[in-house]
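So the structure is just underneath, and the comments pick up after that.
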Amino acid sequence: MMDNLRAASNHVVLKILLGLIILSFVLTGVGGYLTGGGGDYAAKVNGQEISRAQLDNAFNNERNRQQQLLGDRFSQLAGNEGYMQQMRQQALAQLIDELLLDQYAKKLKLAIGDDQIKQAIFNQPAFQTDGKFDNAKYLALINNMGFSADRYAEALRKQLTTQQLISAVANTDFTLSGETDALAALVSQERVVRQASLDVNALAAKQQVSDEEIKNYYAQRKSSFLAPEQFRVSYIKLDAASLQQEASEADIQSWYEQHQAEYVQPQRNRYSVIQVKSEADAKAIIEQLKQGADFATLAKEKSVDPISARKGGDMGWLEPATTPDELKDANLTSKGQLSDVVKSSVGFLVIRLDDIQPEKVKPLSEVHAAIADKVKQEKALDAYYKLQQKVSDAASNDNESLASAEQAAGVKAVETAWFSRDNIPEVLNFKPVEEAIFNGSLLGENGTPGSNSNIITVDGDRAFILRISEHKPEAVKALDEVKTQIADTLKRNKAEQQAKAQAEKILADLKAGKQDALKAAGLAFGEAKTLTRGDRDAIVQAVFELPQPQAGKPVYGTSEDMQGNIVLLALDEVKAGSLPEAQKQAMAQGIAQNNAQIAFDALLNNLRKEAKIKYGAAVQQSR
């Protein structure tokens, strides 16, 4: 079994399938399985509970995803209670499938070891800096997602175990026969079509809605108009950088004297080198030097190292840490001293010690600016920590307001405007601050302002003391707040119904041979366009679902564009296309993947049939 799993993990067919499962963990929240449930559950699967919190998390993530995808269009869909309830049920179905897979993996005793978890974390590019695992980045990222290291590892273990299961199911040989050629012909097909659009926005502008319609819509869908929990917060910010003062000369001198060892410049030697290929060449050069030859001239003529040769053999000033071992091993101790032949990994060397600079302490003038910065930072941090303790004590002793803390800090508290989780003020947008505001610990009974917070430190050199000034619980928005939004939705709904009815009538007339039906409606088909299956929008899909035209007679149909307008289609011609060989091969992989998906779906269907699933009350509560 494990050999099969290892082989399957590299199978090209699995990449998209595994990607879909990984995405499901992101959408539903991998941490959901790690939280306990209460009595008010969403479902029980073979006795194992899916809590309301898990379902709410999955539903909210999917809602946020669709809102980002659809933009303003989503607000209209969100007003449809049936649509939102369907989304909630789909989120629950996904959770149930994931739990069934998890249970089945445990039944097969599939397991992921700690070493595999570590390796998976180390190999994740998001946790790397310059291609190497960065522990600080790893901890920061998972903390921002609300995970501890242990919780993230456990969630990852569940994900990898599920991948093992999928790999085992999909690790199958596939017979393609003539499927590839047939599919290639179908995929490369081209269709020539003309279009005419019914502008829904223009129709919506002509619609009328009554106050009674608006009231009824609001009454039936109040849960769709929830205002999120909101806060106003007063805070005092302490910042070490704001406490910096100029360093006095006395302070700089004192620091220099106390840390003088940090400014010692070790002895430096200056060498010249001639590098040659043989020991005989080196000895010959030494003889020439002893007879009075110029070292620099010989280096330029004889040295096989082009860099040092251009400089007459000069290696520049070298400290012990940067001196090559060959130069150290020559044991030259006096100025002008010449070495014997020195063998090295690059040939043979002749070395001369040209000069010596003894160890010395850098004068204060050279390091004055750097020491001034250090003194300012140290004094600021010292003042910051003292002020932090002073303000913390004041806030604790007077827990009914920030007045005493203000006096201790020497600044007035700042009060924010109203905000929710979705629009936290930038100045307070830190994870520890956010947790303190939203975890309920700073609220009193019935949501009234409670106590002052403890000191909340962020980034090491900043801190906050805060208290909640006002609080609004999650509540249904008043009708007046959403009246315009409801009116726009109702007008849009009416316009869509009108456009669809009009399109159906025109379509029926066209199919009956009444070619003036479009003109009577004030519409006309545009220029013919050739479409391929490569486009993924609804219009292309609708065109390729139409039957082929016969005897030159167009085939008519309808669709909807990305703006929600109703589009009438006239399919004039179907043409054969061609597909490059590389795309044919990709198509073969697609068929194999489809077969793998079928096998995986069959496993899930079987698990659902055998499972005992009981639904709880939380399923029906759309949020």
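Adding 1293 to a residue's 1-based position in the sequence shown gives its number in the working numbering. All residues carry an ideal CB built from backbone N, CA and C; glycine is no exception. Here the structure is a predicted model, which means the values were calculated and not measured.
(1) Any idea if Lys1907 is buried or exposed, counting beta-carbon neighbours within 10 angstroms, 16 or more meaning buried?
(2) Are Ala1904 and Leu1403 closer than 9 Å when you measure CB to CB?
(3) Leaving out five residues before and five after Gly1606 in sequence, what residues of the same chain have Cβ atoms less than 7 Å from its Cβ?
(4) Looking only at its chain, what residues have a beta carbon closer than 8 Å to the beta carbon of Ala1817, apart from the 5 residues adjacent to it on each side?
(5) At 3 residues or longer, and completely inside the segment 1718-1801: list those beta strand (DSSP E) runs for me, N to C.
(6) Does DSSP classify Phe1426 as helix, strand or coil?
(7) Please determine whether the Cβ atom of Arg1514 lies at a distance below 8 Å from any heavy atom of the ligand FAD.
(8) Fully enclosed by the segment 1564-1633, which beta strand (DSSP E) runs are 3 residues long or longer?
(9) Locate the alpha helix (DSSP H) running through Gln1670, then write down its first and last residues.
(10) Could you tell me the boundaries of the beta strand (DSSP E) in which Ala1489 lies?
(11) Going by DSSP, what residue range makes up the alpha helix (DSSP H) through Gly1375?
(12) Taking 8 Å as the threshold, find out whether the segment 1827-1841 comes into contact with the segment 1853-1862 through three or more Cβ pairs.
(13) For Arg1829, name the three-state secondary structure that DSSP assigns.
(14) Using alpha carbons as the reference points, say which of Glu1505, Gln1558, Asp1633 and Glu1866 lies closest to Pro1613.
(15) Does Met1855 pass the burial test, meaning 16 or more other C-beta atoms within 10 Å, or should it be called exposed?
(16) On the CB-based measure, 16 or more other CB atoms within 10 Å of its CB, does Pro1847 come out buried or exposed?
(17) Measuring only the C-alpha atoms, how far is Lys1669 from Ser1658?
(18) Give a yes or no on whether the C-beta atoms belonging to Leu1783 and Ile1761 are separated by under 9 Å.
(19) Could you tell me whether the segment 1792-1807 touches the segment 1524-1544, using the rule of 3 or more Cβ pairs below 8 Å?
(20) Would you kindly check if the distance between the Cβ of Tyr1556 and the Cβ of Ile1758 is under 9 Å?
(21) Compute the distance between the beta-carbons of Val1643 and Ser1632, then report whether it is under 9 Å.
(22) Just reading off the beta strand (DSSP E) that Arg1645 is part of, what are its end residues?
(23) Nearest to Asn1357 by alpha carbon, out of Pro1873, Gln1341 and Met1380?
(24) Pick helix, strand or coil for Ala1520, following the three-state DSSP scheme.
(25) For the beta strand (DSSP E) containing Glu1355, list its first residue and its last residue.
(26) Put Glu1342 into one of helix, strand or coil per three-state DSSP.
(27) Do Lys1724 and Asn1437 have their CB atoms nearer than 9 Å?
(28) Who does Gly1850 pair with in a DSSP beta bridge?
(29) Please work out which residues of its chain come closer than 7 Å, Cβ to Cβ, to Ala1814, disregarding the five sequence neighbours upstream and downstream, and give them in chain order.
(30) Ordered along the chain, which non-local residues of its own chain (more than five positions away) have a Cβ less than 7 Å from that of Ala1910?
(31) For the alpha helix (DSSP H) that Ser1547 lies in, which residues bound it at each end?
(32) Looking at Asn1745: is its Cβ nearer than 9 Å to the Cβ of Ala1701?
(33) CB-CB under 8 Å to Leu1519, same chain, minus the five flanking residues each way: which ones, in chain order?
(34) Per DSSP, what are the beta-bridge partners of Gln1421 in this structure?
(35) Can you name the start and end residues of the beta strand (DSSP E) that Tyr1908 belongs to?
(36) Can you find the residues in the same chain that come closer than 7 Å, C-beta to C-beta, to Ala1446, ignoring five residues on each side of it along the sequence?
Looking at the coordinates:
(1) With a threshold of 16 other beta carbon atoms within 10 Å, Lys1907 falls short and is exposed.
(2) No.
(3) For Gly1606, where only same-chain residues beyond five positions count, the Cβ hits under 7 Å are Ser1565, Val1566, Ile1567, Phe1588, Ala1589, Ala1592 and Ser1596.
(4) A distance below 8 Å between beta-carbons, with the five flanking residues on each side excluded, links Ala1817 to the following residues of its chain, in chain order: Ala1489 and Leu1811.
(5) Listed in chain order, they are 1749-1751 and 1755-1765.
(6) Of the three classes helix, strand and coil, the one that applies to Phe1426 here is strand, per DSSP.
(7) This structure does not include the ligand FAD; it has no bound ligands of any sort.
(8) With a minimum length of 3 residues, the continuous beta strand (DSSP E) runs that stay inside the segment 1564-1633 are 1607-1611.
(9) Counting along the chain, the alpha helix (DSSP H) containing Gln1670 begins and ends at Leu1657 to Asn1690.
(10) Looking at the DSSP string, the run of the beta strand (DSSP E) that includes Ala1489 is Glu1483 to Leu1491.
(11) Per DSSP, Gly1375 belongs to the alpha helix (DSSP H) from Glu1374 to Lys1400.
(12) Taking a contact to require three or more Cβ pairs closer than 8 Å, the segment 1827-1841 and the segment 1853-1862 qualify as touching.
(13) Coil.
(14) Minimum Cα distance to Pro1613 is reached at Gln1558.
(15) Exposed, because fewer than 16 other Cβ atoms sit within 10 Å of the Cβ of Met1855.
(16) Looking at its Cβ environment, which holds 16 or more other Cβ atoms inside 10 Å, Pro1847 is buried.
(17) Roughly 17 Å between the two C-alpha positions.
(18) Not closer than 9 Å, so no.
(19) Contact between the segment 1792-1807 and the segment 1524-1544 is absent, because fewer than three Cβ pairs lie under 8 Å.
(20) No, these two residues do not count as a Cβ contact at 9 Å.
(21) Yes; because the gap between Cβ atoms is below 9 Å, this pair is in contact.
(22) Gly1640 to Gln1650 is the span of the beta strand (DSSP E), which, as asked, contains Arg1645.
(23) Nearest C-alpha to Asn1357 among Pro1873, Gln1341 and Met1380: Met1380.
(24) DSSP places Ala1520 in the strand class (E or B) of the three-state scheme.
(25) Glu1355 -> not in any beta strand (DSSP E); alpha helix (DSSP H) instead, spanning Arg1345 to Leu1363.
(26) Correct three-state label for Glu1342: strand.
(27) Yes.
(28) Per DSSP, Leu1862.
(29) Counting only Cβ-Cβ distances below 7 Å, and skipping sequence neighbours, we find Gln1795 and Ile1799.
(30) Only Asp1333 meet the Cβ criterion.
(31) Per DSSP, Ser1547 belongs to the alpha helix (DSSP H) from Glu1542 to Gln1551.
(32) The Cβ atoms of Asn1745 and Ala1701 lie no closer than 9 Å to each other.
(33) Excluding positions up to five away in sequence, the list reads Glu1767, Ala1768, Val1769, Lys1770 and Arg1916.
(34) Under DSSP, Gln1421 shares a beta bridge with Phe1426.
(35) Start and end: Ile1906 to Tyr1908.
(36) Within the same chain, Ala1446 has close Cβ partners Ile1410.
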